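Just below is one structure, and these are the notes that go with it.
2 protein chains.
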Amino acid sequence: MRYDEIVIGQSASYTKQVTDDDVMAFARITGDFNPVHVDEAAGAKSRFGNRIAHGMLSGGLVSAAIANTLPGPGAIYLAQTMRFTAPVRIDDTITVTLTVTELLSKKRLKLSTLCRNQKGEMVLDGEATILMDES
Amino acid sequence: MRYDEIVIGQSASYTKQVTDDDVMAFARITGDFNPVHVDEAAGAKSRFGNRIAHGMLSGGLVSAAIANTLPGPGAIYLAQTMRFTAPVRIDDTITVTLTVTELLSKKRLKLSTLCRNQKGEMVLDGEATILMDES
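Read top to bottom, the protein sequences are chains G and C. All the letters of the first sequence, read from the start, carry residue numbers 23 to 157 under the numbering used here. All the letters of the second sequence, read from the start, carry residue numbers 23 to 157 under the numbering used here.
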């Protein structure tokens, strides 16, 4: 999508399941082996009662939503804020909803970034700032 | 580390190289196949002149730093802000530096989160809000 095709209020969504393989691979890539993510016993003992996915993996789904849908390939990430509002459990299906909230100068825009699980519970909310790399 | 052992100004760091395998695995986990990350030709044509890592992969290194060093295992991520200030290139070595900036009520704390590459250039700055899960 080109910058001059984008309007405030425009929205897009992206859905992906978070599998055990995804969580274990995310741990290996980053080195984040926090027991609550990778250890069944630690997950069971935690406030969540089960292992949960890394919050930043949901952040990765936001990044994917931006790259795949709005504005799509060529988007350059400038900034992101995130609140992790509920845990993502293994095999949850997460839907990211993006909505354009501001058009800034120099082909920059702001998007609200909301992630919900298959029950409709919000697991992440935040805001992305994107630059469109159009030469 | 226990909440009552933490003081404002306390600092810790975590270092990891970002390999091509890491970038390709991050793309598969999230579904973020933005060409600037996975396609040599698109990277060469971009403003960066080369493929770059996903910004959110650096976010994952911040998550790992928190889980591994300060406050360490049991940390629960509540929020993160991030500005991506320079690109991370394949095989860059990223050092995350965490510094405690605030102690909040209910075993919560704020950390500044800074990522630098092997040349000392800042690639990410931001702030994390963490809850310590001590029962």
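We put the CB at the ideal spot given by N, CA and C, even for glycine. If you're wondering where the values come from, they're calculated on a predicted model, not measured in any experiment.
Residue i: contacting residues in chain C (beta-carbon distance under 8 angstroms)
i, result
"A101/G", "T103, M104, R105, F106"
Spatially closest choice to residue i from the options, by CA coordinates
i, options, result
"L153/C", "D147/G, T107/G, L125/G", "T107/G"
"T52/G", "E62/G, N72/G, G82/G, N90/G", "G82/G"
"T117/C", "A64/C, A87/C, V58/C", "A87/C"
Straight-line Cα distance separating residue j from residue i
i, j, result
"L126/G", "K132/G", "8 angstroms"
"Q140/G", "A34/G", "17 angstroms"
"M23/C", "G31/G", "45 angstroms"
"V40/G", "V29/G", "31 angstroms"
"F48/C", "E27/C", "35 angstroms"
"D61/G", "Q102/C", "24 angstroms"
"L100/C", "S80/G", "13 angstroms"
"V45/C", "R73/C", "10 angstroms"
Listed by chain order, chain G residues near residue i by CB distance under 8 angstroms
i, result
"G77/C", "S85, Y99, Q102"
"A34/C", "The contacting residues do not exist; A34/C stays about 14 angstroms from chain G at best."
"I31/C", "Correcting the residue identity first, residue 31/C is Gly in this sequence and not Ile. Within chain G, no residue comes near G31/C; the closest Cβ sits about 24 angstroms away, beyond 8 angstroms."
Sequence-distant residues of its chain with Cβ nearer than 7 angstroms to residue i (five each side left out)
i, result
"K129/C", "Y25, L153, M154, E156"
Same chain, Cβ closer than 8 angstroms to residue i, five either side skipped, listed in chain order
i, result
"D42/G", "I112, D113"
"P95/C", "A89"
"D54/G", "F48, H76, M78"
Contact set between residue i and chain G, taken where Cβ atoms lie within less than 7 angstroms
i, result
"K38/C", "G53"
Interface partners of residue i on chain G, CB under 9 angstroms
i, result
"N90/C", "G53, D54, F55, N56"
"P95/C", "F55, N56, P57, V58, A64"
Beta-carbon proximity list for residue i, same chain, < 6 angstroms, skipping 5 on both sides
i, result
"T121/C", "S33, S134"
"T119/G", "S35, L136"
Chain C contact residues for residue i, given Cβ-Cβ distances below 7 angstroms
i, result
"G81/G", "M78, G81"
Any non-hydrogen atom of the ligand ADP closer than 7 angstroms to residue i Cβ
i, result
"T52/C", "For the ligand ADP, the structure offers nothing, since it holds no ligand at all."
If you measure beta-carbon to beta-carbon, which residues of the stretch 45-66 of chain C are closer than 9 angstroms to chain B?
-> No chain B is present in this structure, whose protein chains are G and C.
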